[in-house]
Amino acid sequence: MKRVLTFDFLRGVAIIGVLLFHVLNIAFKDRAAEIEAAVIDGIGTVDAFWYILGPALIIFGAFNGLFLMISAASNSISVHKQWERMVVEKGVDTSTAFKSIFTAQLLRGILICAFGYLSETILATLLGAGIKMLLGEPVTITPWAWLEGFFLTNILTAIGISIIITSFIQLYYLKNGISRKGITVFLIIVVITCTALTPAIQHVTKELFGTITFSNGLGDPSIPSWQWISRFILAPIISRLTPLFPFFSCAAMGLLFAMYINENAIKPSTLRKFLYGGLIFIGASFIVGFALNDIELGSRERVVFYQMFIFGLETVILSYMLYMIDFRKKTNIPLFLRCTRWARRFGIMTLTLWMLQYFMIFPVLLIEIITGWPIIEGGLNDWQLGIVLLLLLLMWNVILRAWEKGRFTGSFEWLTTLALSGKHSSGDRMQMDAILYHPEKMIQHVTETERKVDVKERAMIITNIAFAGFYALIIALVVAGVIDL
């Protein structure tokens, strides 16, 4: 089976990071507070390596967008394969193919959203209550507390909605024969717009509906029902943790990557353009940050500078990894496959592992009972944390290797494949052997003769794009009333 090996590997690394970071937030919170105070605020001192590792952890802990980017790209490649199979190989009418494929993608997106809401409403509430009980704190779960999760947007919700939107965009341009150049320009506009309009949309929605981070007032008779219904509708668009503004820009970039991969148009110049685009976003983020005095990591979820910086860094990383793993001739693919099989195994089960992370409290509690370390209380030191994270990583590896023997039957991915295939058994359809052990590279090395661009010309292009984005953002902020001229 032809695969984009970079996507398989990074997806696995991403979910491993999610699993371990969530434990880190619980087990290391006291020490983490000291490190953050020293590294960011200059209060107190810590070991020298934390001044390097601390900022790196803060940045990599915010790579939700990379997860979304890879998910959108992988799904878009799957959509393109379905289109080729139906239209090119079987000769199905384009309108029929559009309806059939989009219906399946709509169902897939709805299922992922449903699991996302389930994780935030029920599982997250139970986890929070369980931790409080273990710490001896009072626990009160009101009927409305179960609905709080519907006013959040986690990564699964964002992936589900993004799959529906990007699938429609992709199928529309395939059906109507829109040129690659035309859809590229459109997606670049979407990326810039999602980022630039985020502060304005946040400001306007807060003025109209108040803070919609949580249900705040759900069930309160003094608050009109239309207001909290509106908040529920708007939550996936602007509420935390991964709202469509600005995170749909990551999905659009993922679709852009996939479009070039699908059409065998990945060349050295193509990857450089993606790389330069990411660097432009990074450079523009500092321009915006300094101009708005907005470089503040403490409130990074709402900071334009931080969102632009992370998006640019995610794009640069994905471009570079695609070159190093899938494109470069010198890469030893058999060795890479052997060394990364354990991580790619995690990547196959990302959605299932996202759900199961809420049950990690049980092995964590078991480790605390055996060792006597204050894990739940957040009082681990540096080396204790390392041992706990290593034990949990080994635990997940054992679970996945054992589950693989049963072809991951019962997992979210297995259930989704079963639902979309309409068959009673989807074990063979997951094609574990072809994905894990004998995948083929989808991206082939292509040489090209390029027009040499003068250094001054390239610098001028980059400068113009950066300032255009900066002024677009300023205009959006002025219109929203965030900046008073």
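In our numbering, the protein residues as written are 25 to 509. Where a beta carbon is used, it is the ideal one built from N, C-alpha and C, also for glycine.
Would you say the stretch 325-342 touches the stretch 98-114, given that touching needs at least three Cβ pairs under 8 Å?
no
Would you mind stating whether Pro-463 and Arg-27 have Cβ atoms separated by less than 8 Å?
yes
To which residues does DSSP link Lys-465 through a beta bridge?
Arg-27
From Thr-30 to Ser-273, what does the alpha carbon distance come to, in whole angstroms?
20 Å
Through-space distance from Thr-69 to Leu-404, alpha-carbon basis
18 Å
Starting from the C-beta of Gly-206, find all residues in its chain whose C-beta is less than 6 Å away, skip the five residues before and the five after it, and write them out in chain order.
Taken in chain order, the list of residues that qualify is empty.
In whole angstroms, give me the CA-to-CA distance for Val-42 and Gly-371.
For Val-42 and Gly-371, the distance between alpha carbons rounds to 12 Å.
Who are the near neighbours of Ile-290 in its chain, counting only those whose CB is closer than 6 Å to its CB and skipping five residues on each side?
Tyr-284, Ile-467
Mind reading off the beta-carbon distance from Ile-391 to Ile-385? Whole number of angstroms is fine, and I expect it under 8 Å.
Ile-391 to Ile-385, Cβ: 11 Å. No contact.
What whole-angstrom Cβ distance do Ile-136 and Ile-183 have, given they're in contact under 8 Å?
6 Å
Cutoff 8 Å: Leu-211 Cβ touching any chain C Cβ:
Here chain C cannot be found, since the structure has a single protein chain.
Does the Cβ-Cβ distance between Ala-276 and Val-209 come in under 8 Å?
No, the pair does not count as a contact, with Cβ atoms beyond the cut-off.
Exposed or buried, which one is Ile-187 when buried takes at least 16 other CB atoms within 10 Å?
buried
In chain order, what residues of the same chain lie with their CB nearer than 6 Å to the CB of Ile-257, ignoring the 5 residues before and after it?
none
Cut-off 8 Å between Cβ atoms - residues of its own chain near Ile-125, not counting five sequence neighbours on either side:
Val-103, Gln-106, Trp-107, Met-110, Ser-191, Leu-195
Anyone know if the C-beta pair for Met-373 and Leu-34 falls short of 8 Å?
no
Checking 8 Å against the spacing of the C-beta atoms, do Met-379 and Phe-139 come in under that value?
The answer is yes: Cβ separation under 8 Å.
Assuming Leu-44 contacts Leu-377 under a Cβ cut-off of 8 Å, what Cβ separation, rounded to an integer in Å, is found between them?
Between Leu-377 and Leu-44 the Cβ distance is about 11 Å, and since that is not below 8 Å, they are no contact.
What separation, rounded to the nearest whole angstrom, lies between the Cα atoms of Ile-40 and Ser-343?
21 Å
Can you name, in chain order, every residue of its own chain whose Cβ lies under 8 Å from the Cβ of Thr-294, other than the five neighbours on each side?
Tyr-284
Sequence-distant residues of the same chain with beta carbon closer than 7 Å to Gly-511, five excluded per side:
In the structure as shown, the chain begins at 25 and stops at 509. Residue 511 is therefore absent and cannot be evaluated.
Closest to Ala-38 by C-alpha separation, out of Gly-278, Lys-429, Ser-95, Asn-200, would be which residue?
Ser-95
Going straight from the alpha carbon of Glu-113 to that of Lys-199, what length do you get?
15 Å
Taking 7 Å as the cut-off, is the C-beta of Lys-205 nearer than that to any heavy atom in the ligand MG?
In the structure on display, the ligand MG does not appear, and there are no ligands present to speak of.
Thinking C-alpha only, which one of Met-348, Val-312, Ser-203, Gln-331 is nearest Leu-280?
Out of Met-348, Val-312, Ser-203, Gln-331, Ser-203 has the C-alpha closest to the C-alpha of Leu-280.
Please report the straight-line C-alpha distance between Ala-308 and Pro-270, rounded to a whole angstrom.
15 Å
Answer with buried or exposed for Met-332, where buried requires no fewer than 16 other C-beta atoms within 10 angstroms of its C-beta.
buried
Please list the segments of the alpha helix (DSSP H) lying wholly inside the stretch 287-357, counting only runs of 4 or more residues, in order along the chain.
292-315, 328-345
Are Trp-366 and Asn-421 closer than 8 Å when you measure CB to CB?
yes
Rounded to the nearest angstrom, how far is the Cβ of Met-93 from that of Gly-278, given a contact under 8 Å?
4 Å
Can you give the Cα-Cα distance for Gln-381 and Leu-131, rounded to whole angstroms?
24 Å
Can you tell me whether Asn-288 is buried or exposed? The criterion is at least 16 other CB atoms within 10 Å of its CB, across all chains shown.
exposed
Using only alpha-carbon positions, find the residue among Met-25, Val-47, Asp-32, Gly-36 that is nearest to Phe-383.
Val-47
Among Ile-423, Leu-460, Ala-282, which one has its Cα closest to the Cα of Arg-362?
Leu-460
Rounding to the nearest angstrom, what Cα-Cα distance links Leu-409 and Ile-189 in this structure?
40 Å
Just to confirm my understanding: we take Arg-528, look at its own chain, exclude 5 residues before and 5 after, and list those with CB closer than 8 Å. What are they?
Missing from the structure shown is residue 528; the chain here goes from 25 to 509 and no further.
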